[in-house]
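Engineer: Residue numbers (the numbering used here), protein chains in the order written: chain A, 1 to 400; chain B, 401 to 800; chain C, 801 to 1200. Even glycine gets a Cβ: it sits at the ideal position worked out from N, Cα and C. Here the structure is a predicted model, which is why all the values come from computation and not from measurement. Below is one structure. I have some questions about it.
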Amino acid sequence: MDDINYEQHAGNGYLNQPLSYDPEMAEVTQGTPMGELLRRYWHPIGLVSHATETPRKVRALGEDLILFRDLQGRPGLVHANCCHRGTTLYYGKVDQDGLRCCYHGWAFDVEGRCTSQPCEPEGGRGRQKIRQPWYPLKEHYGLIFAYMGPPDRMPMFTKYECLEVLEVDEALEANDTSIGSGGPVIVDCNWLQHYENVVDPYHVPILHGSFSGTQFTEQMGSMPHVEFEQVELGIKVTSLRPLDGNRTHRRITMAVLPTLRVVPSPRVSEFARVSSIGWVLPIDNTSFRIYTCGRIREEGTMADGRSRLNGKLWEELTAEEHQKYPGDYEAHSGQGAIAVHANEHLGQSDAGIVMLRRFLKNQVDTVAAGGNPVGVSFNKDDLPIIFEAGNYTLDEPYDR
Amino acid sequence: MDDINYEQHAGNGYLNQPLSYDPEMAEVTQGTPMGELLRRYWHPIGLVSHATETPRKVRALGEDLILFRDLQGRPGLVHANCCHRGTTLYYGKVDQDGLRCCYHGWAFDVEGRCTSQPCEPEGGRGRQKIRQPWYPLKEHYGLIFAYMGPPDRMPMFTKYECLEVLEVDEALEANDTSIGSGGPVIVDCNWLQHYENVVDPYHVPILHGSFSGTQFTEQMGSMPHVEFEQVELGIKVTSLRPLDGNRTHRRITMAVLPTLRVVPSPRVSEFARVSSIGWVLPIDNTSFRIYTCGRIREEGTMADGRSRLNGKLWEELTAEEHQKYPGDYEAHSGQGAIAVHANEHLGQSDAGIVMLRRFLKNQVDTVAAGGNPVGVSFNKDDLPIIFEAGNYTLDEPYDR
Amino acid sequence: MDDINYEQHAGNGYLNQPLSYDPEMAEVTQGTPMGELLRRYWHPIGLVSHATETPRKVRALGEDLILFRDLQGRPGLVHANCCHRGTTLYYGKVDQDGLRCCYHGWAFDVEGRCTSQPCEPEGGRGRQKIRQPWYPLKEHYGLIFAYMGPPDRMPMFTKYECLEVLEVDEALEANDTSIGSGGPVIVDCNWLQHYENVVDPYHVPILHGSFSGTQFTEQMGSMPHVEFEQVELGIKVTSLRPLDGNRTHRRITMAVLPTLRVVPSPRVSEFARVSSIGWVLPIDNTSFRIYTCGRIREEGTMADGRSRLNGKLWEELTAEEHQKYPGDYEAHSGQGAIAVHANEHLGQSDAGIVMLRRFLKNQVDTVAAGGNPVGVSFNKDDLPIIFEAGNYTLDEPYDR
């Protein structure tokens, strides 16, 4: 039993000194290269219903914020610590002056203007000079989007045709349970580890097929022929698979700036254009969540998009089942809180990831040099963006 | 809904880069400026009943200590790690030689002298040279006070008239449940965030009035006229409020070195001199607790000083109630583990805090330059200190 | 009560500034001096039964590893993060190609060779160049041993006579519940704090005698006469105690490189050579566990070696009992996560510890200078090592 031949020790663990992660691509906080790129876009930070007269904690891009809605119905998003003496506005209350801090009653409107300082002479003679750090918001697609970047570079809000043009029996439904994460609502690893998964079709027959039992349809269980292409707004992945004897299933998935997963349903029930968009929200350097909006025919069915493993939702699995039936969450968080690219050995099947990383790096550099990244527009007449993404059939046999 | 005017972006969160806390005023550990100031005074570290033959863990000014009482009834306070090989004396036992370490039986008396080394030849020939780091103690006011500073600057123990001169039906009662913190017994933020509250009368009608329902009396629900004055031992705050038609309620509160809250009962049931003193004990840089001693008429009523929100004690509130009925604890811990003064925008109502911080800074500098801070005396004939603090009435109408 | 004489303030806590730990001796990770010494030896990392077709997490010397057994019955130990893109192999599955990663199906044999890359053209044309960092294993004594050092210095596996030569009614039994730790299976302090205990016989009558009630036999409750000797492979401790009127109990304990506790049963039920060996496994800088193999007469009795305090196993004690009945775990973990030798004041009874530390330091230096430490052999004809350790009787009265 113990006469294993140990002559060939190349690659022995002793020689393997793990390296550190690359902060330039991983970090999302204020002033970091990727953080500056991300801040040029609008990001969802909650459902429309999350902005109420009860302050709500929001953490995005490493910043702690408070979301509220004033008595005129306008949503507001401010830095959590009151600019007076730092008490968190989480304990504040909304009244006619806006969100009022619990400690000395300073109140702020939805753009952070200080409207009231009840302890100060004349209600605060100098309050016009006071501003609670704030971010502009837009409500659309059932979600609340925030822009956390430089004011003079604030772009128009981007609209997407797949969510603007609905079939007659369809409606839009928003969701905040991180559909597509394959795990809990808040995922404990850097957002890129999930985002790269979007341009990685080869893992589907392995992780979601042979490993954990077919989680999607049989159709998705075979290894596809794949083409990657960098398009203007991101990376497009075309996968071809056989579909009965005479036809080919053509599936197009896209990773679009800034953090969009444009992924047709993997439970291929119909062949059509993509029906939903997921926005990955980097919460901070080591966690993220996903907001989704999609076209549905029946209320409440957006949430059906969540994965089931061994027939159960992720949170229903035992520890033993988690190990036995891994999904995307295990694959991504299993790379660590922040994956170390320098330790990797990429193959041809990683061509999409290579392309995506190069693309993101170019955008990071563009912003660092003072330019604008792709996907931001300052033209209010822009039409909604049309994505090629979807599940399609070709009337030709699959013969690769 | 989404045509909010965003032209005026002054103060947008993108431009707000939060700064770091000031270690000079915040840190309390050995060798720090504030730590050195604090170490010039006696601090309560437990109730008299806490020193027993069972070792008890005490953490104060960032140091881990063990409190015990020897068989002669004397209390002792020593650094937790045995000077032999570092095992914590928490597992020690008290016998005729003092506190004996569980590992090799080295024993120490209440001044840290090594009295026994049973594993050494002759019980330890060199044990006179061994000293377990220790601190002198004094028992008074039902509390145990420790002096953790330079031995040659150890001051007399300060006595306070309001706890020395009792009415005929009064007795003293000590308390260790952090009366005045508005929250749990151990509060998870730097002690200064609570201490500044003492010279901040303006928050009372806001936080303890309109926000969480009147927690004190109606009398305290109105915005007072306030005068701040730096006196020899600290900051004195005089607040005037109307009292029926003909009289004025004059309330004096004081923040006294080193960490004394000299605060008359906010549940103004009678008009008299202050009846209790609270000592804020900085446990370390990011937590504190409060020991109190006061004059009471009925046993057990000192604890009535604890706040109630929505009629409940703090620990009885649900998460929803904590958000809805914030008190001092939420206001102070909500500033973060250590508040960042550089992020603040102070108003006129903060004059007391400005005065207090300047006062503390002067004392820190005095000690750093080799002098003695105010409030320490080396004269054993000093009389107890008389405080002006209390709730008083003036026979003149309130007309400010 | 408060007129304690404080004139003699030598050793007051104010003057005691605790120092930091010595990384050279404490740290066990890759590239550290002690880490490099430890890596020259075989270390147990699990029971033979732990290597199965279900991947198992192992953490040793600060490295996160995965243990498995292939379909041919060979055990394998690899670095946890797949060399493809870093997903942990914990979620992998064993098949005919070895351990296959859940994400893209790369498979590795028990020496880390990449045998399959199903997503790559031709199953991976370049997979021969890919190696998952791995460590060689040996199964012996019911345990799985790993060698984590430089391949060209891999020594022969050392055998020990006390586990090779059995009495006719004896069998070997392995155990992974950290017999000898006096506490939980995974102990939360640096391994040296336990290891030094092996050459510290003086604590036995204190900690395991008078303090917590006699945990071992009455025989062990008296303070012994002790001789320390550095021998080739470590430190030998000879303790003499009286045994009835006419005889002397001679007990020999050894601390042997790299981490062996060669300790006869402290529950002295018979007088014989040592019957078990414990291997301390440093999990990382601040935790360890102990694997044991011993000769037993009845199956399942190896575990009887675990300590009982107040009649209970460690995990059955209440918090109050933990304080009242401390054992080795409390003594060692009570020194902190990593003990600071610079704060110590050693006595003559610590001569064994001084000798052991000097010995370890010499070995650390030898390895750092490019040499081989003692106890490694490259000669496959070496005989099993015979230890002097055991409980013996001398037919002469004890008269020291």
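For C:V1213 versus C:F1187, is the C-beta distance shorter than 7 Å?
Structural biologist: Past the edges of chain C, shown from 801 to 1200, lies residue 1213 of chain C, and the structure says nothing about it.
Engineer: Tell me the DSSP secondary structure of B:P605 in three-state form.
Structural biologist: For B:P605, the secondary structure class from DSSP, reduced to helix, strand or coil, is helix.
Engineer: Counting only C-beta atoms, is C:A1072 closer than 7 Å to chain B at any point?
Structural biologist: no
Engineer: For C:P1066, return the contacting residues in chain B, with the cut-off set at a CB-CB distance below 9 Å.
Structural biologist: Within chain B, no residue comes near C:P1066; the closest Cβ sits about 16 Å away, beyond 9 Å.
Engineer: In the DSSP assignment, the beta strand (DSSP E) including B:M425 goes from what residue to what residue?
Structural biologist: Run containing B:M425: none in the beta strand (DSSP E); it sits in the alpha helix (DSSP H), 423–426.
Engineer: Helix, strand or coil for A:F359 per DSSP?
Structural biologist: helix
Engineer: Using a Cβ-Cβ distance cut-off of 7 Å, determine whether C:P950 contacts chain A.
Structural biologist: yes
Engineer: Excluding sequence positions up to five away, which residues of its chain have a Cβ less than 6 Å from the Cβ of B:R459?
Structural biologist: Answer for B:R459: I683, listed in chain order.
Engineer: For A:M154, go through chain C and note every residue whose CB falls closer than 7 Å to its CB, in chain order.
Structural biologist: The contacting residues do not exist; A:M154 stays about 36 Å from chain C at best.
Engineer: Would you list the one or two residues that DSSP bridges to B:R469?
Structural biologist: B:P475
Engineer: Sort C:A851, C:G886, C:V1056, C:L865 by Cα distance to C:L871 and report the nearest one.
Structural biologist: C:A851
Engineer: What does B:L607 reach in chain A if we use C-beta pairs closer than 7 Å?
Structural biologist: C102, Y103
Engineer: What are the complete beta strand (DSSP E) segments, minimum 3 residues, inside the segment 160–213 of chain A?
Structural biologist: 171–175
Engineer: Thinking C-beta only, is C:Y947 closer than 7 Å to A:H203?
Structural biologist: In this structure, A:H203 lies away from C:Y947, with their beta-carbon atoms at least 7 Å apart.
Engineer: Under a Cβ-count criterion, where at least 16 other Cβ atoms within 10 Å of its own Cβ denotes burial, should C:V910 be classed as buried or exposed?
Structural biologist: Per the 10 Å Cβ criterion, buried.
Engineer: Does any residue of chain B have a CB that is nearer than 7 Å to the CB of C:A1131?
Structural biologist: It does: the Cβ of C:A1131 has a partner Cβ on chain B nearer than 7 Å.
Engineer: So, helix, strand or coil for B:P551, using DSSP?
Structural biologist: helix
Engineer: Enumerated in chain order, which unbroken segments of the alpha helix (DSSP H) with a length of 4 residues or greater are wholly contained in the segment 707–741 of chain B?
Structural biologist: Listed in chain order, the complete alpha helix (DSSP H) runs (minimum 4 residues) inside the segment 707–741 of chain B are 719–724, 728–733.
Engineer: Using 10 angstroms around the beta-carbon of B:N779, count the other beta-carbons present and answer buried if the total reaches 16, otherwise exposed.
Structural biologist: exposed
Engineer: Return no unless some Cβ of chain C is closer than 7 Å to the Cβ of A:P326.
Structural biologist: yes
Engineer: Can you name the residues of chain C whose CB is closer than 9 Å to the CB of A:L334?
Structural biologist: The question names Leu, but residue 334 of chain A in the sequence shown is Gly. Residues of chain C passing the Cβ test: A880, N881, C882, G886, T887, T888, L889, Y890, Y891, C902, Y903.
Engineer: Does the beta-carbon of B:G645 have 16 or more other beta-carbons within 10 angstroms, so that it is buried, or is it exposed?
Structural biologist: exposed
Engineer: Determine which residues share a DSSP beta bridge with B:L660 and list them.
Structural biologist: DSSP output for B:L660 lists B:V656, B:W679 as bridge partner(s).
Engineer: Where does C:N1191 fall in DSSP's three states?
Structural biologist: strand
Engineer: Kindly indicate if chain A contains any beta-carbon less than 7 Å away from that of C:G1170.
Structural biologist: At a cut-off of 7 Å, the C-beta of C:G1170 has no neighbouring C-beta in chain A.
Engineer: Going by the CB atoms, is the gap between B:I544 and B:T811 shorter than 7 Å?
Structural biologist: Since the first and last residues shown for chain B are 401 and 800, residue 811 of chain B lies out of range.
Engineer: Can the beta-carbon of C:G1201 be found closer than 7 Å to that of B:R531?
Structural biologist: Because chain C is modelled from 801 through 1200, residue 1201 of chain C falls outside the range shown and cannot be assessed.
Engineer: Is C:Q993 closer than 7 Å to C:A1139 when the C-beta atoms are compared?
Structural biologist: In this structure, C:A1139 lies near C:Q993, with their beta-carbon atoms less than 7 Å apart.
Engineer: Any C-beta of chain A sitting closer than 7 Å to the C-beta of B:F611?
Structural biologist: yes
Engineer: DSSP on C:K929, reduced to helix/strand/coil?
Structural biologist: helix
Engineer: Below 9 Å between beta carbons is the criterion; list the residues of the segment 1138–1172 of chain C that meet it against any residue of chain B, in chain order.
Structural biologist: A1139, V1140, H1141, N1143, E1144, H1145, L1146, G1147, Q1148, S1149, D1150, I1153
Engineer: Less than 7 Å separating the beta-carbons of B:W591 and B:V674?
Structural biologist: no
Engineer: Using the C-alpha atoms, what's the distance from A:I296 back to A:W314?
Structural biologist: Approximately 23 Å between the Cα atoms of the pair.
Engineer: Mind the definition here: the segment 644–658 of chain B touches the segment 628–635 of chain B only if three or more C-beta pairs lie below 8 Å; say whether that holds.
Structural biologist: yes
Engineer: The beta strand (DSSP E) with A:L243 in it runs from where to where?
Structural biologist: 234–243
Engineer: Are the C-beta atoms of B:Y414 and some chain A residue less than 7 Å apart?
Structural biologist: yes
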